[in-house]
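**Student:** Protein chains in written order, with my numbering: chain A, 5 to 575; chain B, 400 to 764; chain C, 72 to 514.
We treat Cβ as the ideally placed atom computed from N, Cα and C, and that holds for glycine.
A single structure is presented below for examination.
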């Protein structure tokens, strides 16, 4: 038996084929026109003097000298780092228990653990406030019974709490995949030498899963660093992303500082991604062995099982509380300063029933096209980076990943600025077509799909492709017949992440939606959540969104499983 | 190799008593009883899927038996978790941790035992010197060749001075030349340490060349235990006969009784059965290709049995020539030492197959 | 400056458009409106409008005020929007300043020039008030009961110790209506006294939200007890069944909600028809619906409203908003908003810290008077109230230029912000020291 392993550093081509060069150029053009140029038209303001518009760096000097900005920078770092820590605390037990033990319901836990990523804007925060806020259900009960309250949602700690719950699935997904790929002998060898329990996890299992963990953790870090919605909804303003947003969208003030902060955000995010890539260098242990089949699944003693299920249920209860709150809210008549709503009604669903079908249709179309674009680009970029020696191929990767750090509103303004002037023959501006929304969504979610495709390709042995070429397949056919089918799981995972998060994206959409008939669900939610009477219907629409996306996710999981089973039988 | 003191070893016996193990409907180990003596180099030999690795993992504690128990040095360890068993195992894939250097890999088990730092360092260098890799201590496993990785895996295991050493197909990831060298090294090491060692393999040559005793397994059942020679000379059943070396197996029936008993090979040729041999029902006639001779068609039989046959094919093996012959309705192989200058027999020619009665066995499946 | 040139061209364009206005055709087709109003407001009006003017469909693009202004700015080169429809007058001022609005003279009659003392329409005719709202105090009854809060009646009440950490407001930089409230207080009480009042109130703030709707949302769900909001937020919450109450203080701000036609509107005729509809009695009556609850600007329409419906034309509280100077307000908009953010929003923790100690001092003094402690506390209050810039400075061209990028070279915006922030930080720290000293003396 030979280990099916791939070393990413193995270089096998000296130059690229014309087809690969053309592909790289096409992707570069796409990124240039739909990411780099629109963003540049907005961010260049950071380098201009107010009033005259001439080039200057004085704005960055001002940034560094302003106490508020430096405090915000520090707060952003602190919150991001702490969110990574807490997200890890939530993700580690779930990932470990479901992959390492014979755990009944592991698939369910994994699916439920994905849900927090699908948090519809506005309503999610309202639901969370109703549960965890200073006068939310939990604090009202605590106050009633014990006479004290816990500031879950107060200040920076509140941001950390909400962000960890929201983004921990990134770590869960990546870490679980990494844990599943560890050769069971790696762990058994350590047990054989006298290691067990936490020490075994700390010294062997976790270090081996580190690449997957780091991939997830860096994603969490960057997302938290760049997220403006959560801090703003919790009224935390001294963080960088909210500062940028407040300034960019303040009316009547022509202030370059908002764009300066955006530049800082982009630089910091790219830096974080680069550091994590650096940390991963030479650590990518492709340890899957044929027949090894991942970590041995240990059976738990009754005590361990009780403890394990207790921990899992506790974590799931915590991270799914916002969704439970949302569900309650969607059926609530009035819910105000009480642990539970005053009464229940289905009226909100009836109200959204008529209009939501349009939103649902639009959302499905937009999110699936965006997800489709993302996986196509993801596979192509991953292939170019990992399998060719094209000069500058990493730049495609960096550029696509940098999209993670572009605030949605900056991208939205950039699209308007770049494409509103360009008109179709009948005079309609290019930017008013709904496809613009799709492109913005695709660009915003590209990093997720890219990481998934990248990881999937990394685990495929180059020799499988060489075998195909040896048997007369051209590179293009090898990709189509060998690489893509083998990557199917990763591609679908990438699609699901892009699709489901695009389905609830608001910030870029809000700038680009031109008419109600083109609007996706998130916009409908936003419209509802502007009035007291819209809270219930908004929550109902939110539930519809979550259920919809969850169903699509589940469906793709089933497809993955089926295709993998079919592959298994084919051997 | 270095002259430093080898690790001191407390050798222990291994007893396996009445072990059964099932995965669902799949009965993987059936009533396994084995007794391995202290300091013995013992092999589990059998085709893939025979349960040999499962049995090894059971000793290490990675599989749990449904019934029966495992004793090491007379102590029942069945209920101990793997990390408390003091049984060293070298994995087929070596399972070297890629995130640690060679030194850290070898030190791991000692660190888990919370030994003093100086002691750990001493024992790591002893173990590495023992396998001749002291100079590569700072390398990462990925920077080593297959043979070197294998030796690190061994050093890592013996550094903790286990009571028993388990080797799971340790040679399967090496090329042919390396295999011969490493199996000799393993044997040398085992003898110097006097360590009870169990070696899992599907390769009879590996088992024969280095092991004191072998348990041949098939379908979850231990077929026979013995020295390589015993197994070869006196296989207990058709499986063992066939699995170890080449065996000619001729089907037939018993005819007559008492001193005049005959075994009639399918096709009509009768062979007298010596009085001291008991032939169970359904048994087949077994003999090794080397134990037969080919003579001229009309040669005098002497004490040997003479069976008329026809040459059907011929393979030149270097030191010998293997002829395929048809005896009645059955096929058999005969190895004839090659003598240069002597003509080979032609295909289609008639000949006489001569067999010493002592080399005949009647075995069941 | 390309945008300038386009703006000039657009200005040229609209004078031609204005000239052709007299020959307007019967309106038809799609008319697009960008609005910050919620569905509850836009849906009934859309329905009534499409019924009143057959053949026209109203296409509603819902954006918050800031995003809407940004959107119109970015898309001006190829404008597809006919109307801008929102509350905040300052947003219209910005659009007007950027020549994004078109002049129009509504034909509707029976609408007074002023509501309270605030002019209903833009004097130059770029945008028109179609409804009014009053600012006031909204609170959650359950919250008030649980926390034993007294019923607030006036702005000063909110500065009392009982309300510490129970009050919420939207940031004036983000909410045009809050800005008007702050400006009203500043103009009514004078620059220094006004800021003192605002800061004393701010010491009790629990949060300063980024969206106007964030405040009523927090009060509705009971996360915050008291909110400073526009009346219709409270009325529509009551209509939805939330346990909230609302009161107009003795001095309230009248906030007109406006509509304006976008320069270069693709469907000008229909846009004008929409303006006329909003100002017509039929359009004004829609405002009385419980889900909308805005105050019509046609006094005659109040005859159809219930007796308890607030009427700014007769209610004396609305008349007290004396001599609101729009020009004065406009000259210092950015400075006031930035001062609020730098002195209050971004220093809220420090400000609350001192306020808490001062509340304790007051409590101690109430039990046992102590002149020395009182003097120290007053000193602390003086430090809190101190402003880094005077009224005249705030409206000076140098400071204005710092925010808008004008020709007068003064300090950059970032430098000003930095100076103001450190001024506040130092003063709050000193005030805290004094207050703690006072507390020691008082005990």
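Taking the alpha carbon of residue 313 (chain A) as the reference point, which residue from A:101, A:549, A:26 has its own alpha carbon closest?
**Tutor:** Here the question's residue 313 (chain A) lines up with position 309 in the first chain. Ranking A:101, A:549, A:26 by Cα distance to residue 313 (chain A) puts A:101 first.
**Student:** Taking 8 Å as the threshold (beta carbon to beta carbon), is residue 378 (chain A) in contact with chain C?
**Tutor:** Locating residue 378 (chain A) in the first chain gives position 374, counting from the first residue. Taking Cβ atoms only, chain C never reaches closer than 8 Å to residue 378 (chain A), which makes this a no.
**Student:** Using a C-beta to C-beta distance shorter than 7 Å, which residues of chain A count as neighbours of residue 131 (chain C)?
**Tutor:** Position 60 of the third chain holds residue 131 (chain C). In chain order: 520.
**Student:** With a Cβ-Cβ cutoff of 8 Å, do residue 35 (chain A) and residue 157 (chain A) count as a contact?
**Tutor:** Position 31 of the first chain, counted from the first residue, corresponds to residue 35 (chain A). Position 153 of the first chain, counted from the first residue, corresponds to residue 157 (chain A). For residue 35 (chain A) and residue 157 (chain A), no; Cβs fall outside 8 Å.
**Student:** Using 10 angstroms around the beta-carbon of residue 297 (chain A), count the other beta-carbons present and answer buried if the total reaches 16, otherwise exposed.
**Tutor:** Here residue 297 (chain A) corresponds to residue number 293 of the first chain, with the count starting at 1. For residue 297 (chain A), the predicted model reports a pLDDT of 44, less than 50, meaning its position is unreliable and no value from the coordinates is stated.
**Student:** Taking Cβ to Cβ, would you say residue 422 (chain A) is nearer than 8 Å to residue 52 (chain A)?
**Tutor:** Here the question's residue 422 (chain A) lines up with position 418 in the first chain. Here the question's residue 52 (chain A) lines up with position 48 in the first chain. Taking 8 Å as the Cβ cut-off, residue 422 (chain A) and residue 52 (chain A) do not qualify as a contacting pair.
**Student:** So, for residue 32 (chain A): in the same chain, excluding its five sequence neighbours on each side, which residues have a beta-carbon less than 7 Å away from its beta-carbon?
**Tutor:** As a first step, residue 32 (chain A) must be located in the first chain, where it is residue number 28. Only 400 meet the Cβ criterion.
**Student:** DSSP state of residue 544 (chain B), grouped into three classes?
**Tutor:** Position 145 of the second chain, counted from the first residue, corresponds to residue 544 (chain B). Coil.
**Student:** Using a beta-carbon distance below 8 Å, is residue 331 (chain A) in contact with chain C?
**Tutor:** Residue numbering aside, residue 331 (chain A) sits at position 327 when the first chain is read from its first letter. So no, residue 331 (chain A) is outside the interface.
**Student:** Pull up the distance between the alpha-carbon of residue 373 (chain A) and that of residue 497 (chain A), whole angstroms please.
**Tutor:** Position 369 of the first chain, counting from 1, holds the residue named residue 373 (chain A). Position 493 of the first chain, counting from 1, holds the residue named residue 497 (chain A). Spanning the two alpha carbons is a distance of roughly 15 Å.
**Student:** Quick check on residue 474 (chain A): buried or exposed, where buried means 16 or more other Cβ atoms within 10 Å of its Cβ?
**Tutor:** As a working mapping, residue 474 (chain A) is identified with position 470 in the first chain. Per the 10 Å Cβ criterion, exposed.
**Student:** Compute the beta-carbon to beta-carbon distance between residue 452 (chain B) and residue 574 (chain B), rounded to the nearest angstrom, for a pair I have assumed lies under 8 Å.
**Tutor:** Here residue 452 (chain B) refers to the residue found at position 53 when the second chain is read from its first residue. Here residue 574 (chain B) refers to the residue found at position 175 when the second chain is read from its first residue. Wrong, their Cβ atoms sit about 22 Å apart, outside the cutoff.
**Student:** So, is the C-beta of residue 22 (chain A) closer than 8 Å to a C-beta in chain F?
**Tutor:** Annotation note: the requested chain F is absent from the structure, which comprises protein chains A, B and C.
**Student:** Measuring straight from C-alpha to C-alpha, what distance separates residue 241 (chain C) and residue 204 (chain A)?
**Tutor:** The residue you call residue 241 (chain C) lines up with position 170 of the third chain. The residue you call residue 204 (chain A) lines up with position 200 of the first chain. Spanning the two alpha carbons is a distance of roughly 53 Å.
**Student:** So which residues on chain A does residue 520 (chain B) lean against when the C-beta distance must stay under 7 Å?
**Tutor:** Residue 520 (chain B) sits at position 121 when you count from the first residue of the second chain. Near residue 520 (chain B) there are no residues of chain A at all, since even the closest Cβ is about 17 Å away, more than 7 Å.
**Student:** Would you call the CB atoms of residue 244 (chain A) and residue 265 (chain A) closer than 8 Å?
**Tutor:** Counting from 1 along the first chain, the entry for residue 244 (chain A) is found at position 240. Counting from 1 along the first chain, the entry for residue 265 (chain A) is found at position 261. The answer is yes: Cβ separation under 8 Å.
**Student:** From what residue to what residue does the beta strand (DSSP E) around residue 439 (chain A) run?
**Tutor:** Along the first chain, one-based indexing puts residue 439 (chain A) at 435. Looking at the DSSP string, residue 439 (chain A) is not in any beta strand (DSSP E); the run it does join, the alpha helix (DSSP H), is 438-462.
**Student:** Determine contact between the stretch 429-448 of chain B and the stretch 619-628 of chain B, defined as no fewer than three beta-carbon pairs at a distance below 8 Å.
**Tutor:** yes
**Student:** How big is the Cα-Cα spacing for residue 203 (chain C) and residue 514 (chain A)?
**Tutor:** To locate residue 203 (chain C), count along the third chain from 1; it is residue 132. To locate residue 514 (chain A), count along the first chain from 1; it is residue 510. Cα to Cα, residue 203 (chain C) sits roughly 27 Å from residue 514 (chain A).
**Student:** Could you tell me the alpha carbon to alpha carbon distance between residue 505 (chain A) and residue 292 (chain C), rounded to whole angstroms?
**Tutor:** Within the first chain, numbered from 1, the residue matching residue 505 (chain A) stands at position 501. Within the third chain, numbered from 1, the residue matching residue 292 (chain C) stands at position 221. If I take the Cα positions, the gap works out to 27 Å.
**Student:** So residue 462 (chain C) contacts chain A; which residues on that side make the cut at Cβ distance below 7 Å?
**Tutor:** Reading the third chain from its first residue, position 391 is the one you call residue 462 (chain C). What residue 462 (chain C) touches in chain A: nothing, since even the nearest Cβ is about 20 Å away.
**Student:** I want to verify the contact list: residues of chain B whose CB lies under 8 Å from the CB of residue 203 (chain A), in sequence order.
**Tutor:** Taking the first chain and counting its residues from 1, one reaches residue 203 (chain A) at position 199. Within chain B, the residues near residue 203 (chain A) are 511.
**Student:** Write down the C-beta distance between residue 146 (chain A) and residue 154 (chain A) rounded to the nearest angstrom, noting that I regard them as a contact closer than 8 Å.
**Tutor:** By one-based count along the first chain, residue 146 (chain A) stands at place 142. By one-based count along the first chain, residue 154 (chain A) stands at place 150. Sure, about 7 Å apart at Cβ, within 8 Å.
**Student:** Specify, as a first and last residue, the run of the beta strand (DSSP E) that residue 278 (chain C) falls within.
**Tutor:** Here residue 278 (chain C) is taken as the residue at index 207 of the third chain, counted from 1. Per DSSP, the continuous beta strand (DSSP E) segment holding residue 278 (chain C) begins and ends at 276-280.
**Student:** Is residue 274 (chain A) close to chain C, meaning its C-beta is less than 8 Å from at least one C-beta of that chain?
**Tutor:** Start at 1 with the first residue of the first chain, and residue 274 (chain A) comes out as number 270. No, because no Cβ of chain C sits closer than 8 Å to the Cβ of residue 274 (chain A).
**Student:** Find the residues of chain C that neighbour residue 71 (chain A), judging by a C-beta separation of less than 8 Å, and give them in chain order.
**Tutor:** Residue numbering aside, residue 71 (chain A) sits at position 67 when the first chain is read from its first letter. Ordered by position in chain C, the residues that pass the 8 Å Cβ test against residue 71 (chain A) are 489, 492, 493, 496.
**Student:** Just list the beta strand (DSSP E) runs in the stretch 654-705 of chain B, keeping only unbroken ones of 3 residues or longer that don't cross its boundaries, in chain order.
**Tutor:** 661-664, 669-671, 683-686, 691-694
**Student:** Are the C-beta atoms of residue 563 (chain B) and some chain A residue less than 8 Å apart?
**Tutor:** Start at 1 with the first residue of the second chain, and residue 563 (chain B) comes out as number 164. No, its Cβ sits nowhere closer than 8 Å to a Cβ of chain A.
**Student:** Would residue 192 (chain A) pass as an interface residue toward chain B - the criterion being a Cβ-Cβ separation below 8 Å?
**Tutor:** Taking the first residue of the first chain as position 1, residue 192 (chain A) is located at position 188. Taking Cβ atoms only, chain B reaches closer than 8 Å to residue 192 (chain A), which makes this a yes.
**Student:** Three-state secondary structure (DSSP) at residue 428 (chain B)?
**Tutor:** Your numbering for residue 428 (chain B) matches position 29 in the second chain. Of the three classes helix, strand and coil, the one that applies to residue 428 (chain B) here is strand, per DSSP.
**Student:** List the residues of chain C that residue 436 (chain A) touches, going by C-beta distances under 8 Å, in chain order.
**Tutor:** Position 432 of the first chain holds residue 436 (chain A). Correct list: 151.
**Student:** Should residue 658 (chain B) go down as buried or exposed, given a rule of 16 or more other Cβ atoms within 10 Å for buried?
**Tutor:** Position 259 of the second chain, counting from 1, holds the residue named residue 658 (chain B). Looking at its Cβ environment, which holds fewer than 16 other Cβ atoms inside 10 Å, residue 658 (chain B) is exposed.
**Student:** Are the beta-carbon atoms belonging to residue 492 (chain A) and residue 482 (chain A) less than 8 Å from one another?
**Tutor:** Counting from 1 along the first chain, the entry for residue 492 (chain A) is found at position 488. Counting from 1 along the first chain, the entry for residue 482 (chain A) is found at position 478. No, the Cβ-Cβ distance between residue 492 (chain A) and residue 482 (chain A) is not below 8 Å.
**Student:** Indicate whether at least one CB of chain C lies closer than 8 Å to the CB of residue 319 (chain A).
**Tutor:** Taking the first chain and counting its residues from 1, one reaches residue 319 (chain A) at position 315. No, no contact with chain C.
**Student:** Could you pull the start and end residues of the beta strand (DSSP E) that residue 722 (chain B) belongs to?
**Tutor:** Looking up residue 722 (chain B) in the second chain gives position 323. Run containing residue 722 (chain B): 719-726, per the beta strand (DSSP E) assignment.
**Student:** I'd like to confirm the pairing. Which residues does DSSP put opposite residue 731 (chain B) in its beta bridges?
**Tutor:** Walking along the second chain from the start, residue 731 (chain B) turns up at place 332. Residue pairing by DSSP places residue 731 (chain B) opposite B:724 in a beta bridge.
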